[in-house]
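> Just dropping this structure here.
Number of protein chains: 2
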Amino acid sequence: MATSKASRKPAARKEAAKAAADAPAGPDHAREPSVVSRITRKLEEDIVLGRRHPRERLVEQDLCENFNTHRGDVRLALFELEKKGIVQRIPNRGAIVRDLSPGEVTEIYGVREELEVMAVRILPFPVPKDDIERLEALQAEHSRAVDAGDLLGVYYSNVHFHRALFGLCGNRCLIETIEQLAQKVSGIRSYAHANPAALNATRRDHVEMIEALRHSRRDDLIALTRRHLKPAAQAYIRAYRQRFGDNV
Amino acid sequence: MATSKASRKPAARKEAAKAAADAPAGPDHAREPSVVSRITRKLEEDIVLGRRHPRERLVEQDLCENFNTHRGDVRLALFELEKKGIVQRIPNRGAIVRDLSPGEVTEIYGVREELEVMAVRILPFPVPKDDIERLEALQAEHSRAVDAGDLLGVYYSNVHFHRALFGLCGNRCLIETIEQLAQKVSGIRSYAHANPAALNATRRDHVEMIEALRHSRRDDLIALTRRHLKPAAQAYIRAYRQRFGDNV
DNA sequence: CAGTCCGAATTTGTTCACAAGATAGTTTTT
DNA sequence: AAAAACTATCTTGTGAACAAATTCGGACTG
């Protein structure tokens with residue numbers, strides 16, 4: 013085994029653990045604009061837009077040529093996407109775009125509803141005017157993308173709107189968890205995108221949400237949040253049953 | 013699509029007939045008993061038991077020698093732990109055991125409470141007798157570990173108990189999310205372990221929870237679930253303030 | 001004497017080549 | 001001719017060398 017170069021150094025290692033005395037609030041080595049995150053994001057986009065369908069194979073070598081990089085990076089990106097629940101990796105056989113059963117989708121949306129309702133329940137009223145205006149700007153962007161038929165724009169502006177909305181609750185862990193669960197169902201996003209009526213409903217909900225925020229009407233906001241999640245799951249389940257029959 | 017590099021090598025063919033003789037763990041599909049998961053689990057144990065303290069550096073080479081493997085595996089394990097939120101990776105500078113501020117801990121426990129309450133709210137009553145008995149067995153194990161002062165045993169039996177309890181709710185996504193959040197605070201688990209009174213309180217809560225399950229008293233169960241989470245967060249925050257002062 | 005700059009040692013990050021596993025197509029045997 | 005086995009090829013997984021980045025220590029200069 014690897015005794016070739018194992019102990020090049022004397023066993024005594026510098027005790028680095030005792031630097032703990034200073035303030036804990038790290039400077040937040042913020043973003044990671046690296047190659048692997050670029051691949052991750054691009055793959056996610058492809059999946060969201062339906063350019064890659066569930067159960068499609070993701071061959072490392074192909075992706076390398078596609079992204080002009082080498083397998084190491086692609087490999088890491090696939091591991092990352094696996095943890096996000098967007099792709100599924102089978103040992104020694106590679107990765108495929110994950111296919112969710114209606115049951116799984118129902119479960120995920122159940123948890124999402126609980127968490128998003130929690131977010132709007134704890135967010136402090138009244139909402140500062142600046143925040144309302146920021147939300148309106150994001151909503152306008154979303155609306156524009158819907159009109160233009162720009163699906164990628166729809167996707168991102170929708171993500172940004174919800175990030176800003178739930179961001180108002182102030183609980184970072186909650187925000188992260190909500191986004192994580194939203195990413196899990198990326199693979200079925202294309203079903204909602206295919207339906208213009210659904211896109212319009214989404215837009216209308218956003219407007220009403222802002223209105224509820226402006227007037228500090230919490231009950232309305234909660235009801236809207238619940239309603240907002242329903243169509244996406246239902247659209248997918250309908251499409252799934254149509255393809256595979258009702259045996260679920 | 014062999015564009016650039018395609019090193020087809022027709023020579024490699026030392027196919028040693030069939031190695032079908034060894035079939036110890038046949039399917040091997042679902043589980044991942046691989047090297048990297050072993051490293052991940054062991055590191056997590058070390059952190060939970062306080063063998064590695066927050067802000068301590070995790071040097072890849074050291075871990076390699078420790079686990080008799082090479083850096084590729086260790087690297088993946090660290091990436092995995094980073095995603096779990098147990099360690100923090102700083103670009104080009106390596107990984108350290110993550111240090112949580114009281115604010116973060118409070119937020120995480122807030123979300124945990126919401127999700128765990130959801131689990132006990134949706135779990136179907138009455139609970140089958142077999143499940144009750146399984147919980148009692150796990151609780152007995154936990155109790156034994158507490159009496160024996162076996163901290164590793166306490167940790168694992170506690171994990172198993174809660175996995176079984178929340179598993180009753182039937183929502184896989186919810187279960188996974190709950191466990192994920194529990195793992196995030198692994199680093200502060202050692203504070204609870206240091207306190208025998210807290211361990212006894214935990215044990216008592218488990219007994220009462222089983223009782224509530226047996227008699228289908230949902231309100232009691234919810235109240236117990238809320239109460240059960242409180243002490244751990246409070247113990248950590250107290251310890252933290254004692255070390256760094258009240259400026260939080 | 002203080003401050004800065006350069007260089008060595010340590011540690012992480014990248015790359016490439018090879019080996020093992022799996023699938024599919026072809027051949028051989030019954 | 002059908003079934004089983006073998007081979008050829010594709011794909012993932014592993015290991016180790018190489019390269020870039022950071023930190024720490026010492027020397028040099030203002």
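As you go down the protein sequences, you meet chains R and H in turn.
Residue 183 in my numbering sits at position 171 of the first sequence, and the numbers go up by one each step.
Residue 80 in my numbering sits at position 68 of the second sequence, and the numbers go up by one each step.
Idealized CB from N, CA, C, for every residue including glycine.
List the endpoints of the continuous alpha helix (DSSP H) containing Ala160(H).
Here the alpha helix (DSSP H) through Ala160(H) covers 141 to 160.
> Per DSSP, Arg67(H) is paired with what?
Its beta-bridge partners do not exist; DSSP assigns none.
> Within the 8 Å Cβ cut-off, does Arg50(H) reach chain R?
No, Arg50(H) lies away from the interface with chain R (no Cβ there is under 8 Å from its Cβ).
> Going by the CB atoms, is the gap between Ile190(H) and Leu241(H) shorter than 8 Å?
For Leu241(H) and Ile190(H), no; Cβs fall outside 8 Å.
> Between Ile249(H) and chain R, is there a C-beta pair that is closer than 8 Å?
Cβ-Cβ to chain R under 8 Å: no for Ile249(H).
> Would the beta-carbon of Val132(H) fall within 8 Å of that of Thr237(H)?
Contact: yes.
> Which residues share a DSSP beta bridge with Arg101(R)?
BP columns for Arg101(R) point to Ala107(R).
> Taking Asn183(R) as part of the alpha helix (DSSP H), name the residues at either end of that continuous run.
Unbroken run through Asn183(R): none, as it is neither H nor E.
> Excluding sequence positions up to five away, which residues of its chain have a Cβ less than 7 Å from the Cβ of Arg101(R)?
Leu90, Glu94, Ala107.
> Count the C-beta pairs between the segment 161 to 169 of chain H and the segment 198 to 213 of chain H that are closer than 8 Å, then say yes if the count reaches three, no if not.
Flag = yes, the segment 161 to 169 of chain H and the segment 198 to 213 of chain H touch.
> Please go through the same chain and pick out, in chain order, the residues whose beta-carbon is closer than 7 Å to the beta-carbon of Val47(H), but skip the five residues on each side of it.
Same-chain partners within the cutoff: Thr81, Asp85.
> Between the alpha carbons of Glu223(H) and Ala209(H), how many angstroms are there, rounded?
Between Glu223(H) and Ala209(H), the C-alpha separation is close to 21 Å.
> Would Lys242(R) count as contacting chain H if we go by Cβ distances under 8 Å?
Cβ-Cβ to chain H under 8 Å: no for Lys242(R).
> Verify the CB distance criterion: does Asn183(H) have a CB-CB separation below 8 Å to chain R?
Answer yes: the Cβ-Cβ gap between Asn183(H) and chain R drops below 8 Å somewhere.
> Compute the beta-carbon to beta-carbon distance between Ile98(R) and Gly179(R), rounded to the nearest angstrom, for a pair I have assumed lies under 8 Å.
That pair is no contact at about 23 Å.
> Tell me whether Phe137(R) is buried or exposed, calling it buried when 16 or more other Cβ atoms sit within 10 Å of its Cβ.
Per the 10 Å Cβ criterion, exposed.
> Relative to the alpha-carbon of Leu287(R), which residue among Arg105(R), Asn104(R), Tyr121(R) has its alpha-carbon at the smallest distance?
Lying before the first or after the last residue shown, residue 287(R) is absent from chain R, which here runs from 13 to 260.
> Pull out every residue of the segment 109 to 128 of chain H whose Cβ sits closer than 8 Å to any Cβ of chain R, in chain order.
Flagged, chain order: Asp111, Ser113, Glu116, Glu119, Ile120, Gly122, Val123, Glu126, Leu127.
> Mind checking if Leu186(R) is an interface residue toward chain H, Cβ cutoff 8 Å exclusive?
Yes, its Cβ sits closer than 8 Å to a Cβ of chain H.
> Exposed or buried, which one is Arg255(R) when buried takes at least 16 other CB atoms within 10 Å?
It is exposed - the Cβ of Arg255(R) has fewer than 16 other Cβ atoms within 10 Å.
> For Thr189(H), return the contacting residues in chain R, with the cut-off set at a CB-CB distance below 7 Å.
Within chain R, the residues near Thr189(H) are Val123, Thr189.
> Starting from Gly199(R), trace the alpha helix (DSSP H) both ways and give me its first and last residue.
Where Gly199(R) is concerned, there is no enclosing alpha helix (DSSP H), given that its DSSP letter is neither H nor E.
> Within 8 Å (strictly less), CB to CB, does Phe79(R) reach chain H?
Phe79(R) does not count as touching chain H.
> On the three-state DSSP scale, how would you describe Arg229(R)?
Arg229(R) falls in the coil class under three-state DSSP.
> In its own chain, which residues sit with a C-beta less than 6 Å from the C-beta of Cys181(R), not counting the 5 before and 5 after it?
So the qualifying residues of the chain are Ala131, Ile134, Leu135.
> Have a look at Ala251(R) and Pro114(R) and give me their C-alpha separation to the nearest angstrom.
Roughly 10 Å between the two C-alpha positions.
> Let me make sure I understand the geometry here. Which of Leu225(R), Asp162(R), Arg87(R) has the alpha-carbon closest to that of Gln73(R)?
Per the Cα distances, Arg87(R).
> Does the CB of Phe178(R) have a neighbour CB from chain H at under 8 Å?
For Phe178(R), the answer is no, since every Cβ of chain H falls outside 8 Å of its Cβ.
> Going by C-alpha to C-alpha distance, which of Arg175(R), Asn212(R), Lys141(R), Thr52(R) sits closest to Lys96(R)?
Comparing Cα positions, the closest option is Thr52(R).
> For Thr189(R), does the three-state DSSP call read helix, strand or coil?
Three-state DSSP puts Thr189(R) in a helix.
> With DSSP run on the structure shown, which of helix, strand or coil describes Gly62(R)?
Correct three-state label for Gly62(R): coil.
> Against Met221(R), what residues of chain H qualify as contacts under a CB-to-CB distance less than 8 Å, listed in chain order?
None at all; the shortest Cβ gap to chain H is about 21 Å.
> Under three-state DSSP, which class holds Ala206(H)?
Coil at Ala206(H), not helix or strand.
> By how many angstroms is the C-alpha of Arg201(H) removed from the C-alpha of Val109(H)?
So the alpha carbons of these two residues sit roughly 13 Å apart.
> In its own chain, which residues sit with a C-beta less than 8 Å from the C-beta of Leu150(R), not counting the 5 before and 5 after it?
Within the same chain, Leu150(R) has close Cβ partners Ser169, His172, Phe173, Ala176.
> When DSSP labels each residue in this structure, what does Pro138(H) get in the three-state scheme?
Coil at Pro138(H), not helix or strand.
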